[in-house]
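Encoded as structure tokens, the structure appears first; notes follow it.
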Amino acid sequence: MALESTTKPYDLIIIGAGAAGMMAAITAGRRDKRVLLLEKLPKIGAKLKATGGGRCNLSNTLPNEDFTEAFGKDGRFMQRAIDAFDHHALRAFFGEIGVETDAPDGFRIFPAGHNSQTILDALSTEMKRVGVEVRCNKRVTKIEKSNALFNITAGCITRTKAPITYTTQTLVLATGGKGYPQLGAEGDGYALTADLGHTTTPIYPAMMPLEVAEKWVEKCRADTIPNAHITVNIKKYRKLQARGDLIFTREGIRGPVVLDFSREITPLLDKGMEVPILINMIKGMDEEAVRKQLKGKLSDNTHYTTLQLLQTLLPASLSEVLCQLSDANPLLGFSKQKGATRERLIQLLAWTPLTVIGHNGFDKAMITRGGIKLGEIDHHTMESKLTKGLFFCGEVVNLDGPCGGYNLQWAFSSGYLVGISASVL
Ligand SMILES: Cc1cc2nc3c(=O)[nH]c(=O)nc-3n(C[C@H](O)[C@H](O)[C@H](O)COP(=O)(O)OP(=O)(O)OC[C@H]3O[C@@H](n4cnc5c(N)ncnc54)[C@H](O)[C@@H]3O)c2cc1C
Numbered sequence: 007m008a009l010e011s012t013t014k015p016y017d018l019i020i021i022g023a024g025a026a027g028m029m030a031a032i033t034a035g036r037r038d039k040r041v042l043l044l045e046k047l048p049k050i051g052a053k054l055k056a057t058g059g060g061r062c063n064l065s066n067t068l069p070n071e072d073f074t075e076a077f078g079k080d081g082r083f084m085q086r087a088i089d090a091f092d093h094h095a096l097r098a099f100f101g102e103i104g105v106e107t108d109a110p111d112g113f114r115i116f117p118a119g120h121n122s123q124t125i126l127d128a129l130s131t132e133m134k135r136v137g138v139e140v141r142c143n144k145r146v147t148k149i150e151k152s153n154a155l156f157n158i159t160a161g162c163i164t165r166t167k168a169p170i171t172y173t174t175q176t177l178v179l180a181t182g183g184k185g186y187p188q189l190g191a192e193g194d195g196y197a198l199t200a201d202l203g204h205t206t207t208p209i210y211p212a213m214m215p216l217e218v219a220e221k222w223v224e225k226c227r228a229d230t231i232p233n234a235h236i237t238v239n240i241k242k243y244r245k246l247q248a249r250g251d252l253i254f255t256r257e258g259i260r261g262p263v264v265l266d267f268s269r270e271i272t273p274l275l276d277k278g279m280e281v282p283i284l285i286n287m288i289k290g291m292d293e294e295a296v297r298k299q300l301k302g303k304l305s306d307n308t309h310y311t312t313l314q315l316l317q318t319l320l321p322a323s324l325s326e327v328l329c330q331l332s333d334a335n336p337l338l339g340f341s342k343q344k345g346a347t348r349e350r351l352i353q354l355l356a357w358t359p360l361t362v363i364g365h366n367g368f369d370k371a372m373i374t375r376g377g378i379k380l381g382e383i384d385h386h387t388m389e390s391k392l393t394k395g396l397f398f399c400g401e402v403v404n405l406d407g408p409c410g411g412y413n414l415q416w417a418f419s420s421g422y423l424v425g426i427s428a429s430v431l
């Protein structure tokens with residue numbers, strides 16, 4: 007087996023050139039550490055490039071405490087990392103390396119040109135400037151610890167070259183989760199650290215489109231509903247709710263509200279359950295408010311057919327579907343429908359039922375729910391409590407946030423903290 011750079015071990019080897027790994031590399035490189043960054047894909051930052059539909063929603067403007075709270079009860083674990091590198095520090099950092107940022111809606115932070123490539127280019131230039139060695143096409147397949155050093159075996163993914171073993175004093179695992187495997191993260195980190203005693207919680211795909219049983223959604227394909235409200239229609243799980251824009255697809259639903267919602271219900275689907283949900287598509291109005299709204303519209307125009315009336319609130323195809331579901335004649339005036347039909351329509355407008363039956367698994371999952379157990383990592387430093395000199399950052403650990411720049415900020419913040427802590431060893 008070939009050995010590279012055997013004479014002098016690296017100060018730091020980082021596995022995975024995503025947001026977390028690159029930030030750890032730059033932070034340690036700025037502290038004069040000899041850093042090697044190993045990436046299995048031919049190019050660095052494949053997932054970062056795809057973020058935000060290529061616009062890269064880097065972070066958001068929430069105060070640190072609210073930001074960590076959005077990650078649920080485990081959010082406290084990330085407080086140290088976020089305090090060390092919050093959204094102000096992130097914007098200052100990118101400004102320093104040549105990318106200004108903006109927050110056009112006052113919440114989500116993007117690179118000013120809304121182009122993820124600018125972020126990638128700036129990180130790459132900064133890594134060069136601080137002397138980080140970057141090797142692509144190097145998939146790490148084995149980690150061994152002998153005395154105080156780690157031996158890292160990495161093979162070329164095309165398998166045309168023999169594997170190489172690198173040695174290092176400190177090792178950073180920044181291999182990401184398991185979602186969108188074509189962008190590199192395939193869950194390697196879980197297996198690689200199992201040999202070092204680490205455990206991975208159950209993992210679930212999260213943030214992806216959902217499939218529903220109702221075939222009518224196909225007719226509404228591409229209809230977009232702003233600010234929809236989704237809730238699980240099972241008493242025990244009623245608190246599982248989300249709000250945001252919703253888009254119908256051929257087989258189900260997608261859009262920001264679905265991404266957030268899917269984080270909550272994949273564990274239920276994994277138990278083999280079909281999940282009944284209710285969707286409010288009329289800006290959160292309850293039945294009484296819907297009734298008033300329709301009355302108001304009718305007093306503006308007494309000649310509206312039922313279909314025309316619904317179309318003042320919803321897209322045309324969805325309005326047609328709701329007429330069918332309530333057995334209303336779309337061409338009849340609303341007041342001419344039977345009382346029970348009118349009530350069914352009002353009910354459907356306030357809460358349209360759907361049944362979630364599945365998803366595409368990790369293939370289309372933007373993030374992974376679950377990861378390396380937090381109890382095995384010291385949150386002050388992100389160092390393993392089990393193996394000295396081993397650090398974790400980014401999505402590989404058991405933390406996941408909602409849509410809106412949360413996950414990238416976590417990747418950058420934890421990468422920064424690791425870069426600092428690993429540099430003082
Ligand atoms: C399509 C899409 C859009 C998204 N948009 C946003 C957004 O706008 N805002 C936001 O906050 N979050 C977004 N996310 C989530 C966010 O991108 C991730 O949470 C974040 O990039 C995780 O960063 P990471 O560095 O931990 O992991 P990754 O970016 O996944 O990087 C891990 C790297 O490790 C490499 N690797 C894995 N195993 C090995 C190995 N054995 N050897 C060598 N290298 C290895 C992988 O190839 C990969 O490059 C999006 C995700 C997707 C999929």
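7 is the number of the first residue of the sequence shown in our numbering; add one for each residue after it. All C-beta atoms, glycine included, are put in the ideal place defined by N, C-alpha and C.
Per-residue DSSP class, three states only, for residue i
i: residue 143; result: coil
i: residue 314; result: helix
i: residue 366; result: coil
i: residue 343; result: coil
i: residue 224; result: helix
i: residue 97; result: helix
i: residue 405; result: coil
i: residue 350; result: helix
i: residue 153; result: coil
i: residue 71; result: helix
i: residue 358; result: strand
i: residue 389; result: strand
i: residue 308; result: coil
i: residue 9; result: In this prediction, residue 9 scores a pLDDT of 47, lower than 50, which makes its location untrustworthy; the coordinate-derived value is nonetheless stated afterwards. Reduced to three states, the DSSP call for residue 9 is strand.
Residue i Cβ short of 6 Å to ligand 1 heavy atom set
i: residue 74; result: no
i: residue 145; result: yes
i: residue 214; result: no
i: residue 265; result: no
i: residue 21; result: yes
i: residue 253; result: no
i: residue 46; result: yes
i: residue 186; result: yes
i: residue 414; result: yes
i: residue 6; result: Nothing can be reported for residue 6: it is not among the residues displayed for the chain, which extend from 7 to 431.
i: residue 433; result: The first residue shown for the chain is 7 and the last is 431, placing residue 433 beyond what the model contains.
i: residue 98; result: no
i: residue 181; result: yes
i: residue 258; result: no
i: residue 417; result: yes
i: residue 167; result: no
i: residue 33; result: no
i: residue 118; result: no
i: residue 26; result: yes
i: residue 194; result: yes
i: residue 191; result: yes
i: residue 56; result: yes
i: residue 376; result: no
i: residue 121; result: no
i: residue 161; result: no
i: residue 366; result: no
i: residue 411; result: yes
i: residue 391; result: no
i: residue 286; result: no
i: residue 49; result: no
i: residue 63; result: yes
i: residue 53; result: yes
Whole-angstrom C-beta distance between residue j and residue i, which should lie under 8 Å
i: residue 3; j: residue 133; result: The shown model of the chain, from 7 to 431, leaves out residue 3, and the question about it has no answer.
i: residue 396; j: residue 179; result: 7 Å
i: residue 35; j: residue 136; result: 3 Å
i: residue 90; j: residue 423; result: 5 Å
i: residue 202; j: residue 148; result: With 8 Å as the limit, residue 202 and residue 148 do not qualify as a contact, their Cβ atoms being about 11 Å apart.
i: residue 377; j: residue 183; result: 6 Å
i: residue 66; j: residue 116; result: Not a contact, Cβ separation roughly 10 Å.
i: residue 144; j: residue 46; result: 6 Å
i: residue 362; j: residue 426; result: Actually they are not in contact, since the Cβ atoms of residue 362 and residue 426 sit about 42 Å apart, beyond 8 Å.
i: residue 53; j: residue 27; result: About 11 Å; that fails the 8 Å criterion.
i: residue 371; j: residue 214; result: 5 Å
Beta-bridge partners of residue i, as assigned by DSSP
i: residue 172; result: 158
i: residue 6; result: Limits of the chain in this structure are 7 at one end and 431 at the other, which puts residue 6 out of reach.
i: residue 148; result: 159
i: residue 236; result: 248 and 285
i: residue 177; result: 19 and 396
i: residue 42; result: 19 and 139
i: residue 217; result: 258 and 364
Cutoff 7 Å: residue i Cβ touching any chain C Cβ
i: residue 111; result: You won't find chain C in this structure, because it holds only one protein chain.
**Asked** Can you list the alpha helix (DSSP H) stretches of 4 or more residues lying completely in the region 248 to 295, in chain order?
**Response** Listed in chain order, they are 262 to 276.
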